[in-house]
Amino acid sequence: MEILTAIKRVPETGAKVSLTDDKLDIDTTSLGFTFSPHEECAVEEGVQLVEEHGGNVTVLTLGEEDATEQVRSAIAMGADDGILLDGGDAEWGPAGTAKAIAEAVEGSDTDFDLLLFGNESADTANHQVGVRVAEELGLPCVTGIKDLDVDGGTAVAKREIPGGSEVYEIDLPAVVTVKEGLNEPRYPSMRAKMQARKASVEQTEPEPHDEGLELVELEVPETDDSPAEILGESPEAAEDVVDVLEELEVV
Amino acid sequence: MVLALLEYDDDGLDDVSLQALTLARDVAEQAGESLEAIAFGAGAEAVAEEAGDHGVETLHVAAADALDDYAPEAYGRAVVQCAEEIGTEAVIAPGTDRGAETLSHAASKLDVTMAAEVTDVEVGDSYELTRQRWGGTLIEHSRLTAETNLLTVAANEVSVTETGGDAAEVSSFSPELEDGDLRVQLTEVEESDVEGVPLGEARVVVSGGRGTGGDFSELEALVERVPNAALGSSRAAVNEGWRPHDDQIGQTGAKIAPEIYVPAGISGAVQHMVGCKGAETILAINTDPEAAIIQKADWAVIADLHEVAPAIAEELEARGHSE
Numbered sequence: 001m002e003i004l005t006a007i008k009r010v011p012e013t014g015a016k017v018s019l020t021d022d023k024l025d026i027d028t029t030s031l032g033f034t035f036s037p038h039e040e041c042a043v044e045e046g047v048q049l050v051e052e053h054g055g056n057v058t059v060l061t062l063g064e065e066d067a068t069e070q071v072r073s074a075i076a077m078g079a080d081d082g083i084l085l086d087g088g089d090a091e092w093g094p095a096g097t098a099k100a101i102a103e104a105v106e107g108s109d110t111d112f113d114l115l116l117f118g119n120e121s122a123d124t125a126n127h128q129v130g131v132r133v134a135e136e137l138g139l140p141c142v143t144g145i146k147d148l149d150v151d152g153g154t155a156v157a158k159r160e161i162p163g164g165s166e167v168y169e170i171d172l173p174a175v176v177t178v179k180e181g182l183n184e185p186r187y188p189s190m191r192a193k194m195q196a197r198k199a200s201v202e203q204t205e206p207e208p209h210d211e212g213l214e215l216v217e218l219e220v221p222e223t224d225d226s227p228a229e230i231l232g233e234s235p236e237a238a239e240d241v242v243d244v245l246e247e248l249e250v251v
Numbered sequence: 252m253v254l255a256l257l258e259y260d261d262d263g264l265d266d267v268s269l270q271a272l273t274l275a276r277d278v279a280e281q282a283g284e285s286l287e288a289i290a291f292g293a294g295a296e297a298v299a300e301e302a303g304d305h306g307v308e309t310l311h312v313a314a315a316d317a318l319d320d321y322a323p324e325a326y327g328r329a330v331v332q333c334a335e336e337i338g339t340e341a342v343i344a345p346g347t348d349r350g351a352e353t354l355s356h357a358a359s360k361l362d363v364t365m366a367a368e369v370t371d372v373e374v375g376d377s378y379e380l381t382r383q384r385w386g387g388t389l390i391e392h393s394r395l396t397a398e399t400n401l402l403t404v405a406a407n408e409v410s411v412t413e414t415g416g417d418a419a420e421v422s423s424f425s426p427e428l429e430d431g432d433l434r435v436q437l438t439e440v441e442e443s444d445v446e447g448v449p450l451g452e453a454r455v456v457v458s459g460g461r462g463t464g465g466d467f468s469e470l471e472a473l474v475e476r477v478p479n480a481a482l483g484s485s486r487a488a489v490n491e492g493w494r495p496h497d498d499q500i501g502q503t504g505a506k507i508a509p510e511i512y513v514p515a516g517i518s519g520a521v522q523h524m525v526g527c528k529g530a531e532t533i534l535a536i537n538t539d540p541e542a543a544i545i546q547k548a549d550w551a552v553i554a555d556l557h558e559v560a561p562a563i564a565e566e567l568e569a570r571g572h573s574e
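Protein chains in written order, with our numbering: chain B, 1 to 251; chain Z, 252 to 574.
Take a look at the structure:
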């Protein structure tokens, strides 16, 4: 199987987010970078499928040149090849991102059987890049998948709903966007990380696209940090807890 | 015209659809336009009254044998055709899996960018949006200037209001599907073998984190004592292998909206809190008075959850509360 997994470099935000002076970005001066849990599962799933069925996993990202760091992290997890669509420092919207990825797929020498994405990115959460890539390429697409089974040219994908899951059967090639919980991503060994540092990452420069959705500014929301009313510091507080539950009429 | 996409079940319109409808009506009123809606399946006629009560004038029912089972690309196609037929300036969908998926297909077909996770719209020459990034820990103000503005409404952020209007007029709508639109279609729905109330629907959610040390038995026993209660967990507990991922509350797990949330032995990381921001109240149990969760909670008990949870269960029993 030939599998493409798409990931996005995002800052590792801590308890408090602070913004740059122009309020157009997160101040990342003291932050590390990563890719999201959904996308870790996408990479892991690709690697597991190739372990089972043979083939290659190609990991792709669109971002600044430093995003090769995340491509290498995915290679350390077991991906075979890396591609950076060098978008520069600018923030790319979902339509432009999808067009660039679709073009890279069409221009590739590899015929991919499966394109794996995170259901939504951790930062901008636009929820649409995977679907748009599928539309651009004329491929079927399922989203929000937490269970995936590939058998020959078809896949059975499941999406969690309250009290159960929806089951979809799709023909490959296809686009699947996944959620955390699909699998347990592995921790790469130090040896794998060292080797990944030497892996070559193919680079191309995609054409920007006008989105019609323009960022005006970001804002860190006010949070109510007034301290809680302390009901007690021992199990005897259970009486007050039950008073609260009775007051709310939930028991 | 403003068009809202609605999801429903046997009990009527879904909560997030009602929230989307409330925001859609606000947009329509600001724009001086009428509010219409689209829903799929023959059963959709049954929600005409409820839709009208929330300001919908016309409900377009897309019903055809081929559309009985959810099919994202076909639904996206139908939304595009309905929007074009009635000449709408905006399509507003609930920020659910299906809502986002259907509208993503529509957005791609219309070659416009969809704005997801929107919480507020100011209508002027353009749409001035407020939307959520990072699960709501960051707010984005942005400007949407598409020919048709497509947006999904963030779940549990908009307070639902009603207009008391008459039932919406039902208009049947037959989309012209193209080859491949039904390539992806819901094959079956599997019921979970896990018993009890789904997390997203529970009125009371008790959850445990690293502070449980892996022992959830007291929390399980407490949940069993409370009607409409469900047990959740933090990401740390899932990563330890103590709980299945389905129980995880947070940015990459379940989003809950109970009347009271009881996190026990959970520190309250930002990524966890965005999963429970829909909770009306929070009562934290934690041994650490400095834990972030104490700042976020309305009430707190500073003690060991392994002692507090059984004490609460006993007190409930003593007062005659039982499932």
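Positions of the beta carbon are idealized from the N, C-alpha and C atoms, including for glycine. This structure is a prediction, so every number in the text was calculated from the model and none was measured.
Express the C-alpha separation of residue j and residue i in angstroms, rounding to a whole number.
| i | j | result |
| --- | --- | --- |
| residue 252 of chain B | residue 565 of chain Z | Nothing about residue 252 of chain B can be reported from this structure: the residues present for chain B run from 1 to 251 only. |
| residue 311 of chain Z | residue 162 of chain B | 27 angstroms |
| residue 237 of chain B | residue 516 of chain Z | 16 angstroms |
| residue 193 of chain B | residue 134 of chain B | 32 angstroms |
| residue 295 of chain Z | residue 319 of chain Z | 11 angstroms |
| residue 256 of chain B | residue 366 of chain Z | Since the first residue of chain B shown is 1 and the last is 251, residue 256 of chain B is not available in this structure. |
| residue 105 of chain B | residue 111 of chain B | 8 angstroms |
| residue 185 of chain B | residue 43 of chain B | 8 angstroms |
| residue 261 of chain B | residue 329 of chain Z | The structure shown does not extend to residue 261 of chain B, since chain B spans only 1 to 251, so no value can be given for it. |
| residue 414 of chain Z | residue 240 of chain B | 39 angstroms |
| residue 233 of chain B | residue 301 of chain Z | 47 angstroms |
| residue 225 of chain B | residue 293 of chain Z | 48 angstroms |
| residue 103 of chain B | residue 552 of chain Z | 56 angstroms |
| residue 222 of chain B | residue 9 of chain B | 26 angstroms |
| residue 572 of chain Z | residue 379 of chain Z | 49 angstroms |
| residue 554 of chain Z | residue 197 of chain B | 47 angstroms |
| residue 513 of chain Z | residue 375 of chain Z | 42 angstroms |
| residue 438 of chain Z | residue 70 of chain B | 36 angstroms |
| residue 27 of chain B | residue 17 of chain B | 8 angstroms |
| residue 59 of chain B | residue 457 of chain Z | 39 angstroms |
| residue 373 of chain Z | residue 508 of chain Z | 26 angstroms |
| residue 48 of chain B | residue 351 of chain Z | 28 angstroms |
Do you know whose CA, among the options, lies nearest residue i's CA?
| i | options | result |
| --- | --- | --- |
| residue 51 of chain B | B/2, B/82, B/19, B/90 | B/2 |
| residue 203 of chain B | B/11, B/131, B/16, B/101 | B/101 |
| residue 546 of chain Z | B/246, B/126, B/75, B/228 | B/228 |
| residue 64 of chain B | B/158, B/47, B/83 | B/83 |
| residue 171 of chain B | B/114, B/103, B/34 | B/114 |
| residue 502 of chain Z | B/89, B/125, B/16 | B/125 |
| residue 274 of chain Z | Z/382, Z/550, Z/526 | Z/382 |
| residue 309 of chain Z | Z/426, Z/530, Z/420, Z/513 | Z/420 |
| residue 582 of chain Z | Z/448, Z/522, Z/336 | Here chain Z has residues from 252 to 574 only, and residue 582 of chain Z is not among them. |
| residue 490 of chain Z | Z/438, Z/461, Z/350 | Z/461 |
| residue 559 of chain Z | Z/471, Z/391, Z/272 | Z/471 |
| residue 235 of chain B | Z/532, Z/436, Z/561 | Z/561 |
| residue 119 of chain B | Z/428, Z/449, Z/344, Z/349 | Z/349 |
Would you decide whether residue i is buried or exposed? Buried here means 16 or more other CB atoms lie within 10 Å of its CB.
| i | result |
| --- | --- |
| residue 265 of chain Z | buried |
| residue 187 of chain B | exposed |
| residue 53 of chain B | exposed |
| residue 316 of chain Z | exposed |
| residue 32 of chain B | exposed |
| residue 77 of chain B | buried |
| residue 341 of chain Z | buried |
| residue 290 of chain Z | buried |
| residue 474 of chain Z | buried |
| residue 154 of chain B | exposed |
| residue 146 of chain B | buried |
| residue 445 of chain Z | exposed |
| residue 249 of chain B | exposed |
| residue 277 of chain Z | buried |
| residue 29 of chain B | exposed |
| residue 357 of chain Z | buried |
* Asked: Using 8 angstroms as the threshold, is the region 88–99 of chain B in touch with the region 210–223 of chain B, meaning 3 or more CB pairs across them?
  -> A contact between stretches requires three or more CB pairs, one per stretch, nearer than 8 angstroms, and the region 88–99 of chain B meets this requirement with the region 210–223 of chain B.
* Asked: Which full runs of the alpha helix (DSSP H) of 4+ residues lie inside the region 259–311 of chain Z, going along the chain?
  -> Counting only runs of 4 or more, we get 266–282, 299–304.
* Count the C-beta pairs between the region 319–327 of chain Z and the region 422–433 of chain Z that are closer than 8 angstroms, then say yes if the count reaches three, no if not. => In this structure the region 319–327 of chain Z touches the region 422–433 of chain Z; the number of beta carbon pairs closer than 8 angstroms is three or more.
* To do: Only counting runs of 3 or more residues, tell me where the beta strand (DSSP E) segments fall wholly within the region 9–63 of chain B, in order along the chain.
  => You should have 56–63.
* Touching or not, the region 280–288 of chain Z and the region 401–413 of chain Z, by the rule of three or more beta carbon pairs under 8 angstroms? -> In this structure the region 280–288 of chain Z does not lie against the region 401–413 of chain Z, because fewer than three pairs of beta carbons, one per stretch, are closer than 8 angstroms.
* Asked: Going along the chain, which unbroken runs of the beta strand (DSSP E) with 3 or more residues stay wholly within the region 327–410 of chain Z?
  -> Here the runs fully enclosed are 341–345, 365–374, 378–384, 389–395, 400–404.
* Taking only runs that begin and end inside the region 403–486 of chain Z, name each unbroken alpha helix (DSSP H) of 4 or more residues, in chain order. => Segments of the alpha helix (DSSP H) lying fully in the region 403–486 of chain Z: 468–476.
* To do: Would you list, in sequence order, the uninterrupted beta strand (DSSP E) runs of no fewer than 3 residues that lie entirely inside the region 95–131 of chain B?
  => 114–118, all fully within the region 95–131 of chain B.
* Asked: Between the region 152–169 of chain B and the region 398–405 of chain Z, are three or more C-beta pairs nearer than 8 angstroms?
  -> With the cut-off at 8 angstroms, the region 152–169 of chain B and the region 398–405 of chain Z do not touch.
* To do: Just list the alpha helix (DSSP H) runs in the region 182–218 of chain B, keeping only unbroken ones of 4 residues or longer that don't cross its boundaries, in chain order.
  => Listed in chain order, they are 190–198.
* **Whole runs of the beta strand (DSSP E) within the region 513–572 of chain Z, excluding any shorter than 3 residues** => Fully enclosed beta strand (DSSP E) runs of 3 or longer: 532–536, 550–552.
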